[in-house]
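Visitor:
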Amino acid sequence: MKLAHKDLLRLATVGSVDDGKSTLIGRLLVDTRQLFDDQLDAVVAASEKRGVGDLDLSFVTDGLRAEREQGITIDVAYRYASTPTRKFIIADCPGHVQYTRNMATGASTADLALVVLNVAHGLKEQSRRHLCIAALLGVRSIVVAVNKMDEVNWSESAYLSVVDELDTLANELGFESVVSIPISALLGDNVVDPSLNTPWFDGPTVLHALESSDAGSWSSAHGGARLPVQWVLRQPGGGRTYAGMLNGSTLRVGDVVTLLPANIETTISAINSGSGPRELATTGLSIDVALDAETDAGRGDLIATAPLPTVTKEFAATICWFGDSPLRVGQRLRLKHTSKVTPVRVKSLNGVVDIATLAIDGNTMLQTNEIGLATLQSAEALVLDDYRDNRVSGSFVLIDEMTNATVAAGMVGRAAFL
Amino acid sequence: MTSDTLQAPHMTDHLDLLESHAIFILREVVAECERPVLLFSGGKDSAVLLHLAAKAFAPQQLPFPVMHIDTGQNFPEVLEYRDRAVETTGARLIVAKVQDSIDQGKVVDPGPMGSRNRLQTVTLLDAITDNSFDAAFGGARRDEDKARAKERILSFRDAFGQWDPRQQRPELWQLYQGKVNPGEHLRAFPLSDWTELDIWQYIEREQMDLPTIYFAHERDVVLRDSMWLAVGPFVEPHTDEKIERLSVRFRTVGDANCTGAVLSHAMTLSQIVNEVAIANVSERGATRADDRFSETAMEDRKREGYF
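If you're matching them up, the sequences are chains G and E in order. This note's numbering numbers the first residue of the first sequence as 17 and each following residue consecutively. This note's numbering numbers the first residue of the second sequence as 216 and each following residue consecutively.
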């Protein structure tokens with residue numbers, strides 16, 4: 017038996033607490049037979065023990081003791097599924113506002129967001145917050161499962177009113193692909209098998225929508241190649257190669273590249289990867305390259321092809337703030353951008369996003385789980401792309417210098433909808 | 216896939232991407248941390264981890280030592296493999312023995328037949344402290360267990376070595392940040408997103424060396440608690456148990472007295488890949504007594520500082 021090579025889709029669940037995200041993932045995994053017999057037996061036993069019926073599907077991903085006791089998702093669960101056409105990495109995210117930082121963790125690497133809404137409640141503030149964060153993080157495709165249709169007697173008008181509200185927001189947030197589906201995660205309708213209860217609906221099931229989505233991995237067609245230098249390898253005979261993970265575009269032996277921030281133009285003379293020397297490297301590969309010029313490149317530098325990123329010590333960014341106390345003007349933090357770590361200071365806070373209206377207010381303090389605009393100054397020069405052009409060289413995290421906790425997700429520039 | 220990918224001399228498939236991600240994590244942790252160590256049990260996952268570490272830093276030597284937490288209840292084939300694999304990579308091997316923790320009175324000897332599985336945590340945390348390690352690479356995968364499914368790739372441990380699943384650091388994009396204060400450390404799991412099948416497909420692709428007990432062989436076994444245990448110095452048959460000689464292989468490698476064999480005739484890597492692809496019982500469910508104590512056995516051990 018030769019196992020076929022498949023493409024890979026990373027997806028994250030998005031939506032408010034109790035709308036059924038974990039139950040939907042449990043349903044998807046059970047109905048596509050991704051669970052081993054003993055794993056299913058364990059979920060049945062745990063359901064019985066907690067008196068929640070024969071099979072609480074949310075227990076498939078809610079694996080922590082506290083999660084099962086409280087019936088909520090606290091942190092992201094990663095699950096792996098495989099169908100004849102695709103491999104999936106599923107990040108089942110928490111819906112509760114207190115755990116927004118964990119939702120952002122799951123969504124930051126996603127190609128697609130699986131949005132779960134309760135048909136009876138529509139878009140709650142937390143659903144809007146999650147959709148807003150998913151859009152900011154660069155997710156361009158969403159599959160919207162309008163859940164608990166069984167509780168509204170499979171009402172088409174109830175479904176359509178939620179879809180209308182959703183479509184308006186999705187349009188404002190600039191999602192490129194939106195597929196809505198009426199479902200019952202609990203009963204399985206339109207999850208893997210088409211439902212007999214929704215004769216008025218002729219769209220795909222959730223599984224079919226995920227299998228056929230063209231939300232590819234996030235390589236930008238219009239950007240240049242970016243190779244942040246992670247590590248310098250000494251070669252026998254005295255040469256050096258520069259190791260890192262390539263993104264943005266392909267890189268070929270003979271390509272003219274610029275070493276930044278030093279701004280030295282040179283040529284790629286060799287490329288190695290885990291499977292040996294190669295002429296061409298594609299995005300997502302860990303490689304090491306040799307350069308023609310004698311340089312003292314090191315960790316934190318960036319090797320790039322045109323169009324080149326910006327070298328700067330001051331820049332505007334969009335910030336998702338996770339710190340326990342508010343972010344204030346003048347505050348000092350540590351920033352990690354690609355392989356570079358440097359102190360930064362908040363020069364100005366330029367407003368906070370109102371989740372209900374997407375308008376920017378004039379607040380100059382950013383509270384926990386709020387999204388705002390800021391101008392940052394860095395001690396050392398950074399080599400930046402706008403986040404919309406490159407998810408790697410346009411992203412950074414902010415770190416508390418005392419506790420070393422990650423307290424913010426940052427994106428260079430400003431999303432079109434803000 | 217982009218059109219560039221299709222023109223590439225080597226097609227980039229999911230194994231290439233998993234390999235690249237793991238190499239990225241290995242390099243990032245080594246760059247960010249002062250004193251990393253690679254935890255090596257001699258099992259298939261740590262074998263893949265060591266193989267990837269060698270690739271990440273080639274042609275140089277590994278920039279960290281390799282450490283085995285030795286319970287003293289090993290399969291001899293695994294110890295042979297450990298020494299062979301470490302010698303091939305030229306790494307420095309540290310062996311931290313549970314027996315030493317017992318001799319020092321830190322843990323109680325459960326007796327020759329008792330499980331030392333949980334005692335390992337004490338030995339592991341002491342070795343991390345004694346060597347001032349601030350990061351420990353492990354071969355754990357998220358598909359193994361529901362508690363592991365929740366864990367970050369870089370997982371923070373406080374000064375007592377504890378994991379707090381309610382207070383994990385956000386981990387955005389691939390911006391793995393590994394700063395810790397003195398006394399604290401990180402566990403780093405480069406194989407987080409690999410499944411059991413990915414591991415075997417990769418081992419087959421790379422034609423890696425492994426302990427012989429992973430391949431089908433004849434062995435005396437007894438059926439206990441619905442697991443086939445290998446009769447030997449750590450497993451004596453009870454009077455009501457019948458010794459049978461069967462063709463078996465091991466799907467995971469842990470202590471000899473809590474790791475079950477599976478009935479199998481898979482003698483080559485490609486036969487194992489096929490067997491794993493159609494398995495309907497999980498690897499830990501099939502073979503690990505240590506996970507059967509309670510609903511949250513793995514979470515409870517991880518909170519204490521287990522692998």
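For every residue, glycine included, the Cβ atom is placed at its ideal position computed from N, Cα and C. Just so we're clear, the structure is a prediction, and the values are computed from it rather than from any experiment.
#1: Once you ignore the five residues that flank residue 238/E on each side, which residues in its own chain have a CB closer than 7 Å to its CB?
#2: In the DSSP output, what is residue 304/G paired with across the bridge?
#3: If distances are taken between C-alpha atoms only, which option among 95/G, 129/G, 76/G, 291/G comes closest to residue 196/G?
#4: Using beta-carbon positions only, say whether residue 245/G and residue 344/G come within less than 8 Å of one another.
#5: In the DSSP output, what is residue 443/E paired with across the bridge?
#6: Quick check on residue 255/G: buried or exposed, where buried means 16 or more other Cβ atoms within 10 Å of its Cβ?
#7: If we count Cβ pairs, one from each stretch, closer than 8 Å, do we get three or more for the segment 46 to 59 of chain G versus the segment 193 to 211 of chain G?
#8: Output the distance between the C-alpha atoms of residue 198/G and residue 165/G, rounded to the nearest integer angstrom.
#9: So, using beta-carbon positions, are residue 167/G and residue 136/G closer together than 8 Å?
#10: By the three-class DSSP mapping on this structure, what secondary structure does residue 382/G have?
#11: In the structure shown, what three-state DSSP assignment does residue 165/G receive?
#12: Output the boundary residues of the beta strand (DSSP E) element that contains residue 203/G.
#13: What does the Cβ neighbour count give for residue 479/E, buried or exposed, with the cut at 16 atoms within 10 Å?
#14: Taking the runs of the beta strand (DSSP E) that are 3 residues or longer, which of them lie wholly in the segment 221 to 267 of chain E?
#15: Of all the CB atoms in chain E, is at least one closer than 8 Å to the CB of residue 93/G?
#16: Can you tell me where the beta strand (DSSP E) holding residue 197/G begins and where it ends?
#17: In terms of residue numbering, what span does the beta strand (DSSP E) encompassing residue 337/G cover?
#18: Starting from residue 393/G, trace the beta strand (DSSP E) in both directions and tell me its first and last residue.
#19: Answer yes if the segment 461 to 480 of chain E comes into contact with the segment 443 to 450 of chain E, meaning at least three C-beta pairs across the two stretches below 8 Å, and no otherwise.
#20: From residue 302/E to residue 275/E, what distance separates their C-alpha atoms?
#21: Write down every uninterrupted run of the beta strand (DSSP E) in the segment 108 to 164 of chain G whose length is 3 residues or greater and which is fully enclosed by it, in chain order.
#22: Report the residues of the segment 64 to 91 of chain G with a CB closer than 9 Å to any CB of chain E, ordered along the chain.
#23: Per DSSP, residue 96/G forms a beta bridge with which residues?
#24: Relative to the alpha-carbon of residue 327/G, which residue among 396/G, 40/G, 146/G, 159/G has its alpha-carbon at the smallest distance?
#25: Just mark residue 216/G as buried or exposed, buried being the case when its beta carbon has 16 or more other beta carbons within 10 Å.
#26: Quick check: residue 348/E and residue 251/E, are their CB atoms within less than 8 Å of each other?
#27: At a Cβ threshold of 8 Å, is residue 511/E touching chain G?
#28: Should residue 235/G go down as buried or exposed, given a rule of 16 or more other Cβ atoms within 10 Å for buried?
#29: Compare the C-beta of residue 244/G with all C-beta atoms of chain E and state if any pair is closer than 8 Å.
#30: Straight-line CA distance for residue 437/E to residue 461/E?
#31: Please classify residue 352/G: is it buried, with 16 or more other beta-carbons within 10 angstroms of its beta-carbon, or exposed?
#32: Are the beta-carbon atoms belonging to residue 394/G and residue 329/G less than 8 Å from one another?
#33: DSSP three-state call for residue 67/G: helix, strand or coil?
#34: Rounding to the nearest angstrom, what Cα-Cα distance links residue 186/G and residue 194/G in this structure?
#35: Closer than 8 Å, CB to CB, is residue 118/G near chain E or not?
#36: Mind checking who residue 457/E pairs with in its DSSP beta bridge?
Guide: This is what the structure gives:
#1: Apart from sequence neighbours up to five positions away, the residues of its chain that approach residue 238/E with a beta-carbon distance below 7 Å are 267, 270, 271, ordered along the chain.
#2: 259/G, 288/G
#3: 129/G
#4: no
#5: Secondary-structure assignment with DSSP links residue 443/E through a beta bridge to 438/E, 476/E.
#6: Residue 255/G sits exposed, since fewer than 16 C-beta atoms from the chains shown fall within 10 Å of its C-beta.
#7: yes
#8: Residue 198/G and residue 165/G have their C-alpha atoms roughly 6 Å apart.
#9: Residue 136/G sits close to residue 167/G, with the two beta carbons spaced by under 8 Å.
#10: strand
#11: DSSP places residue 165/G in helix when its eight states are reduced to three.
#12: Premise fails: residue 203/G is in no beta strand (DSSP E) and is neither H nor E.
#13: buried
#14: 251 to 254
#15: yes
#16: 193 to 198
#17: 326 to 337
#18: It spans 387 to 400 - the beta strand (DSSP E) in which residue 393/G sits, taken as one unbroken run.
#19: As far as the Cβ criterion goes, the segment 443 to 450 of chain E touches the segment 461 to 480 of chain E, which means the pair count is three or higher.
#20: 15 Å
#21: 128 to 134, 157 to 163
#22: 65, 75, 76, 77, 78, 79, 80, 81, 82, 83, 84, 90, 91
#23: 105/G
#24: 396/G
#25: exposed
#26: Taking a C-beta distance under 8 Å as the contact criterion, residue 348/E and residue 251/E qualify as a contact pair.
#27: For residue 511/E, the nearest CB of chain G lies under 8 Å from its own CB, placing it at the interface with that chain.
#28: Since pLDDT at residue 235/G reaches only 49, below the 50 mark, its modelled position is unreliable, and the value read off the structure follows with that caveat. By the neighbour-count rule (16 or more Cβ atoms within 10 Å), residue 235/G is buried.
#29: no
#30: 10 Å
#31: Burial of residue 352/G is indicated by the presence of at least 16 other C-beta atoms within 10 angstroms of its C-beta.
#32: Yes, the Cβ-Cβ distance between residue 394/G and residue 329/G is below 8 Å.
#33: For residue 67/G, the three-state secondary structure derived from DSSP is coil.
#34: 8 Å
#35: yes
#36: Looking at the DSSP assignment, residue 457/E forms no beta bridge with any residue, so it has no partner.
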